[in-house]
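Student:
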Amino acid sequence: MEIYQHFRKEEHHFIDQVLEWQEAVKRQYAPKLTDFLDPREQQIVQSVIGRDDEVRVSFFGGAPFVERKRALLYPPYFQPREEDYEIALFEVRYASKFVSLEHRQVLGALMSLGLRRGKFGDILRKEEQIQFLAANEVAEYIRLHLHAIGKATVSLEKKPLSDIIMLEETWQDALITVSSLRLDAILSQAFRVSRQKMQSAIENGLVKVNWKVVEQAHFECGQGDVLSARGFGRCKIMDIEGKTKKEKWLVRIGLQK
1 MEIYQHFRKE EHHFIDQVLE WQEAVKRQYA PKLTDFLDPR EQQIVQSVIG RDDEVRVSFF
61 GGAPFVERKR ALLYPPYFQP REEDYEIALF EVRYASKFVS LEHRQVLGAL MSLGLRRGKF
121 GDILRKEEQI QFLAANEVAE YIRLHLHAIG KATVSLEKKP LSDIIMLEET WQDALITVSS
181 LRLDAILSQA FRVSRQKMQS AIENGLVKVN WKVVEQAHFE CGQGDVLSAR GFGRCKIMDI
241 EGKTKKEKWL VRIGLQK
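Residue 1 is where the sequence shown starts when you use the UniProt record's numbering, and the numbers rise one by one after that.
#1: What three-state label does DSSP hand S162 in the structure shown?
#2: Looking at the strands, I want to know which residues DSSP matches up with K126.
#3: Can you tell me whether E91 is helix, strand or coil according to DSSP?
#4: For Y74, report the span of its beta strand (DSSP E) as first-last.
#5: Which partner residues does Q172 have in the DSSP bridge list?
#6: Hey, D184 and I164 are a contact pair by Cβ (cut 8 Å); roughly how many whole angstroms apart?
#7: Starting from the Cα of S179, find the closest Cα among L124, K246, I149 and D239 and give me that residue.
#8: Which of helix, strand or coil does DSSP assign to V106?
#9: Could you work out which residue in G50, Y74 and E2 is closest to Q28 when comparing CA atoms only?
#10: Per the DSSP calculation, W249 is bridged to which residue(s)?
#11: For the beta strand (DSSP E) containing S47, name the first residue and the last one.
#12: Is A217 helix, strand or coil by DSSP?
#13: Here's a check: name, in chain order, each residue in its chain whose Cβ is nearer than 8 Å to the Cβ of H6, leaving out the five neighbours to either side.
#14: Can you list, in chain order, the residues of its chain whose CB lies under 6 Å from that of T34, leaving out five sequence neighbours each side?
#15: Does the region 146-160 come close enough to the region 100-110 to have 3 or more Cβ pairs within less than 8 Å?
#16: With DSSP as the reference, identify every bridge partner of E157, one or two as the case may be.
#17: Quick one: Cα of L107 to Cα of W171, how far?
#18: Under 8 Å by Cβ, that's how I've got K159 and L89 pegged, so tell me the actual separation to the nearest angstrom.
#19: Applying the criterion that 16 or more other CB atoms from any shown protein chain within 10 Å of the CB defines a buried residue, is G210 buried or exposed?
#20: Which value, in whole angstroms, describes the spacing of the CA atoms of H145 and F191?
#21: In three-state terms, what does DSSP make of R56?
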């Protein structure tokens, strides 16, 4: 199908899934709610559904600023409401005076419950306050089984979405020059560290491109890609402006503050 040529090969399986959702909505003439999708998956859903007159799509993840959102595919007669996305908000209660919890510890504890990553939305942290979003269908299971994060004993309090922690995402604009569009080259210049150090991070599974782990340093990046390296930060390729006289690539990036 012509649509595949616009996406990377590793994304083709997800495209097939989106096409199945689309057909299900047409066949059943009823809405289809997905798991939580990362921003790249949301882009793919939007591109695949496109301007289909029979199927529409909208996204919600608990608040406008969150990254991970559930997609709702629906026929034209349907008018989606916030509750149709079936999202639960939990606040983590723990002894914050004695222990500090990090994002990766919270995610690790959630994943240890044996649920798919798609059942969880964003994990929000502001000072000692920690919240996370989850699909309603697993909310009770999470509440009954999550009692510890790291070495900390925790309890969960279900909250209305109106009580969500408000976070703002900001990007600092920067212009870098790289010899190639390889992943290690981009990250090395973006975070001002040696290429060798970046290659090691990539090979050890510490780097993600569009929220998916990539372990090949030679992976070629493109405009719009979001790159993250554990311990270094996150950046986004805003624009590839072409080559300099010395045949190097001029790349405009955003560094997350």
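Glycine included, C-beta positions come from ideal geometry on N, C-alpha and C. Predicted model only: the values in this text are computed from it and were never measured.
Tutor: With the structure as the only source:
#1: Looking at S162 - three-state DSSP - the assignment turns out to be helix.
#2: By DSSP's assignment, K126 forms a beta bridge with Q129.
#3: strand
#4: K69 to Y74
#5: Q172 pairs with L255.
#6: A Cβ-Cβ separation of about 37 Å leaves D184 out of contact with I164 under the 8 Å criterion.
#7: Considering only alpha carbons, the answer is K246.
#8: helix
#9: When only C-alpha atoms are compared, the closest one is Y74.
#10: V178 and K243
#11: Segment P39 to I49 is the alpha helix (DSSP H) holding S47; no beta strand (DSSP E) there.
#12: coil
#13: Apart from sequence neighbours up to five positions away, the residues of its chain that approach H6 with a beta-carbon distance below 8 Å are S47, ordered along the chain.
#14: Excluding five sequence positions before and after T34, the CB atoms of its chain that fall closer than 6 Å to its own CB belong to R70 and A71, given in chain order.
#15: Short answer: they touch.
#16: E91
#17: 24 Å
#18: The pair is a contact, with the Cβ atoms about 5 Å apart (cut-off 8 Å).
#19: Reading the sequence as shown, one finds Asn at residue 210 and not Gly. By the Cβ neighbour-count rule, N210 is buried, with 16 or more other Cβ atoms within 10 Å of its own.
#20: 39 Å
#21: strand
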